[in-house]
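The opening position of the sequence shown corresponds to residue 123 in the numbering used here, with each subsequent residue numbered one higher.
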Amino acid sequence: MKGKQYGAKLWKNIRTHKGLYLMILPVVAYYLVFCYYPMYGAQIAFRNYTPKLGVFHSEWVGLKHFKEFFNSVYFERLIRNTLSINIKNLIFGFPAPIIFALLLNEVRCVKFKKVVQTVSYMPHFISTVVIAGMILQFTATDGFIAQIMSLFGYPKQNLMLNPSLFQPVYVISDIWQGIGWSSIIYIAAIAGINSELYEAARIDGANRWKQTLYVTIPGIMPTIITMLILRVGNMMNLGFEKIILLYNSSIYDKADVISTYVYRKGLLDQNYSFSTAVGLFNSVINLTLLIIANKLSKRLTEHSLW
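Quick look at the structure:
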């Protein structure tokens, strides 16, 4: 009975808001076609897949590829590097757009504010290939970053040949590339805060810093928590394109991550079943982290995704 009532209510809602549902239809279609439909192919992680036999007729081998990955000499290195880069990104990269949005909110000159916003967005639209090329030029022995470091007593060197410097360079470049674009959601959240709260704070004698501390930050806290949960749920994800364009044999030990390993095994070695198993393992860990982060957030802050 309840199901029938819910169905009738849903159809009534669809008829009332037809325009909104038509707008969301392309998004739903995108996820159904490109995200959910291909999931049936995940079963090749449990098969010795060959294109000639297809997904359903390839030999079933169970957990063979997972065991092979866990026993691989690369397993520890891949997990360590993936987590290391993502944790650095979480500690330094996640707060960066929040701080930038808070600082931008304090700018009163509208023209200057728009210029800063526009300039900060630009790196996001630059091709990854171009970004990688710029980083390699900047960190070369005669690059301006190496030149600046030499002024502080550091020897001139190609930074991308130093294993200990790869991850800091990667994280800093990620922050530079994404800080402006990532700040949009926080700027929008700040704009949604009731202006009467600021007036009340000023009447109580709060200066700009205290208004930020006691009005702005609490006002955008639900957004911050939501984005933090989503970020934790992607702790094992790291795009392979930029790393492949940057790394070399000198820094493999610090630069090789799960996504680059999947790329090599899947596309270069054409070991489709093994690479799918590694990718599936990665996705399961991400899902587990997302659920844990959501439960902790709900318990500690009363904010969660569900």
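Beta carbons are placed, not taken as given, at the ideal position from N, Cα and C, and that holds for glycine.
Kindly confirm or deny that the stretch 333-353 and the stretch 261-281 touch, where touching means at least three C-beta pairs closer than 8 Å.
no
Given a threshold of 16 other Cβ atoms within 10 Å of its Cβ, counted over all protein chains shown, does Val-293 qualify as buried or as exposed?
buried
Measuring alpha carbon to alpha carbon, tell me which of Glu-190, Lys-134, Trp-133 and Lys-131 ends up nearest Asn-76.
No answer is possible for residue 76: it lies beyond the span of the chain, which begins at 123 and ends at 428.
So, for Ile-267: in the same chain, excluding its five sequence neighbours on each side, which residues have a beta-carbon less than 8 Å away from its beta-carbon?
Phe-260, Thr-261 and Leu-281
Going by other Cβ atoms of all chains shown within 10 Å of its Cβ, with 16 needed for buried, is Lys-387 buried or exposed?
buried
Quick one: grab the DSSP three-state call for Glu-181.
strand
Since Pro-219 and Ile-301 are thought to touch, with beta carbons under 8 Å apart, how far apart are those beta carbons, to the nearest angstrom?
5 Å
Does Phe-274 pass the burial test, meaning 16 or more other C-beta atoms within 10 Å, or should it be called exposed?
exposed
Does the beta-carbon distance from Leu-116 to Ile-306 come in below 8 Å?
A question about residue 116 goes unanswered here, because the residues of the chain that appear run from 123 up to 428.
Cβ pair count under 8 Å reaching 3, the stretch 184-199 against the stretch 315-326:
no
With distances taken from CA atoms, which of Leu-412, Leu-422, Ser-249 and Ala-415 is nearest Glu-363?
Ser-249
Excluding the 5 residues flanking Phe-214 on each side, which residues of the same chain have their C-beta closer than 7 Å to its C-beta?
Val-293 and Ile-297
Given a threshold of 16 other Cβ atoms within 10 Å of its Cβ, counted over all protein chains shown, does Ser-242 qualify as buried or as exposed?
buried
Beta-carbon proximity list for Ser-295, same chain, < 6 Å, skipping 5 on both sides:
Ile-257
Given Leu-402 as reference, the closest of Trp-133, Gln-127, Ala-130 and Met-161 once Cα atoms are compared:
Met-161
Residues in its own chain within less than 7 Å of Arg-353 by CB, not counting five upstream and five downstream?
Leu-212 and Phe-216
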